[in-house]
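Quick notes on the structure that follows.
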Amino acid sequence: MSIGRQLLEELRRDEEIRVELSRELIPEIIRDKGLRRAVLIALSREMVTKDDVKELKEYIDKRTDEVNRRIDGMLNEVNRRIDGMLRWIIGLIVGMWA
């Protein structure tokens, strides 16, 4: 087995060695413009963009508006029922006094 394959197997097995190697490579990545660029491109795929935030805000606003409309509808229904019951009670009281 080649030394390269042995190294890969060792890195896969031992997290401590992977971390140490990563720490050794970081200064090289920082110095090399091409490596820096590659890392930044890879990281940028994982980052949230302003458009992502805007899209999420629009989604949340839409859902909030839907929930508020449902609550308003329920409150209107409750108010309608209370008004109906009050009218019935008032009618009953007036009928008893008449």
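The sequence shown begins at 165 in my numbering and counts up one residue at a time.
Note that CB positions come from ideal geometry on N, CA and C, so glycine has one too.
For clarity, every value in this text was computed on a predicted model and none was experimentally measured.
My output table needs one value for T228: the three-state DSSP class, helix, strand or coil.
helix
List, from N- to C-terminal side, the alpha helix (DSSP H) runs of 4 residues or more that fit wholly inside the stretch 182-221.
197-208
Straight-line Cα distance separating D215 from T228
20 Å
Taking the Cβ atom as the reference point for each residue, do I167 and L175 lie within a distance shorter than 9 Å?
no
So E210 and L199 are supposed to be a Cβ contact under 8 Å. How far apart are they, rounded?
Not a contact, Cβ separation roughly 18 Å.
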